[in-house]
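Numbering (mature numbering (1 follows the signal peptide of the UniProt record, and there is no 0)), first residue to last: -22 to -1, 1 to 389.
Ideal Cβ placement from N, Cα and C applies to all residues, glycine included.
The structure under discussion appears below in the form of structure tokens.
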Ligand SMILES: *[C@@H]1O[C@H](CO)[C@@H](O)[C@H](O)[C@H]1NC(C)=O
Ligand SMILES: *[C@@H]1O[C@H](CO)[C@@H](O)[C@H](O)[C@H]1NC(C)=O
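In structure tokens form, the structure reads like this:
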């Protein structure tokens, strides 16, 4: 097992990852003014490991992760999200996911959902709201991909023994959260519990009935809304709704939300502690890249992670490597939809709370916080740490591992 994991790490290290290197360059550029001047930097390199009081430099943390610097085993070393000099692929291999806290961000099933191409030896792991519908379509149209579920040992064997490439796409966490909420809100509206839905769309009805207790803790979300038309009136221009099938164009037109929907969103963010998403679309991204509690949160053997905001470019890179031809007009541009609540009205306080909710993704995907979430008061900012923990491997054997953990300032 240890040998398999080591091989997994090696694959992660050597994997080609354009997204990471672009991101790294960006991080280096912004680091100088934020952290220190050049002279000071040089001194730090020679004498001290941390940037300022108790915040460590990403370079040193990265060296420790790679074993080039020894880790002081009784310490918890604090560092900033996105400051590491390693890729997201490598970062996620060292991520510690608290299985109690994040339990509801996982399927409780044995197998993970993927799209597999036997022909080109590619496995795509989908993460909802991160270019997943367009990616599944690319897999289907150009890679002979098939949707399936794979047990952990199967997925590991494909990647580690048969040299399959396991890829995924991740998206800017804050931007994704807005989309996640928007979709979750639509899916969990009380209109799905109506008699006509029960008759005409029994699967949607059943989904709603079995999950509605999760949304019941936020009673203000659907206040004054009984039907889907009540909801549409809050975001869709009147002239569209008056046309036949005009509601289909609502998502392409800018929202008319005058803050009624945004206020509900902000109240939800204030009340939500991030542990019990009321819909699957609100699950974080990292939980899709590690196995669930049945394998003690061990990382998937991911080979490469691409930027979901540039999904077409990512797919062209993958196609190029695998000898697949995608015609110039061969990819859809995702479902381009504007959001139903008015994102422009979201306050900075709300954005900072969202960053807290998303701490795991920022730390374990090595993504920088948005400026609005960088705080002068470092105790109210999301932070990451490197620490040694006794963890269990996929078979339940305990061992000591130096892991990355995310921290939020609220409890
Ligand atoms: C992903 O691509 C978007 C759009 O080009 C860009 O703004 C963003 O910074 C990229 N994300 C990362 C982590 O590089
Ligand atoms: C594994 O796949 C990569 C490309 O995806 C290829 O370069 C390499 O030769 C393959 N290795 C083996 C042992 O098949």
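Counted as a single uninterrupted DSSP element, the stretch harbouring residue 193 is not any beta strand (DSSP E) but the alpha helix (DSSP H) occupying residues 180 to 193. Ranked by how close their Cα comes to the Cα of residue 68, the residues 167, 39, 241, 214 have 39 in first place.
The C-beta separation of residue 150 from residue 287 comes to about 7 Å, placing the pair in contact by the 8 Å criterion. Buried is the label assigned to residue 233, since at least 16 other Cβ atoms lie within 10 Å of its Cβ.
The closest heavy atom of ligand 1 lies 6 Å or more from the beta carbon of residue 68. A heavy atom of ligand 1 is found nearer than 6 Å to the CB of residue 285. Around the beta carbon of residue 221, fewer than 16 other beta carbons sit within 10 angstroms, so the residue counts as exposed. Under the three-state reduction of DSSP, residue 263 is assigned to coil, being neither helix nor strand. Contact between residue 105 and residue 94 does not hold, since the beta-carbon distance rounds to 16 Å and is not under 8 Å. Residue 363 has 56, 383 as its beta-bridge partners, per DSSP. Distance from the CA atom of residue 131 to the CA atom of residue 282, rounded to whole angstroms, is 19 Å. Residue 379 has its alpha-carbon roughly 22 Å from the corresponding atom of residue 386. Rounded to whole angstroms, the Cβ separation of residue 284 and residue 147 is 5 Å, and the two are in contact under 8 Å.
By the neighbour-count criterion, in which 16 or more other beta carbons inside 10 Å mark a residue as buried, residue 127 falls on the exposed side.
Only buried fits residue 143, as 16 or more other CB atoms lie within 10 angstroms of its CB.
A contact between stretches requires three or more CB pairs, one per stretch, nearer than 8 Å, and the segment 191 to 205 fails this requirement with the segment 363 to 381. Of the residues 124, 235, 97, 129, the one whose Cα lies closest to the Cα of residue 88 is 129. The beta carbons of residue 345 and residue 36 sit no closer together than 7 Å.
The segment 40 to 52 makes no contact with the segment 254 to 268: fewer than 3 CB pairs, one atom from each, lie closer than 8 Å.
Under the 10 Å beta carbon count, residue 195 is surrounded by fewer than 16 other beta carbons and is classified as exposed.
Counting C-beta pairs with one atom in each stretch, the segment 50 to 66 and the segment 233 to 250 have fewer than three that are closer than 8 Å, which means they do not touch.
Distance check between residue 72 and each of 252, 341, 229, 337 places 341 closest, using alpha-carbon atoms only. At least one heavy atom of ligand 1 falls within 6 Å of the beta-carbon of residue 288. Of the candidates 70, 206, 350, 180, 206 places its Cα closest to the Cα of residue 318. No Cβ-Cβ contact shorter than 7 Å links residue 334 with residue 363.
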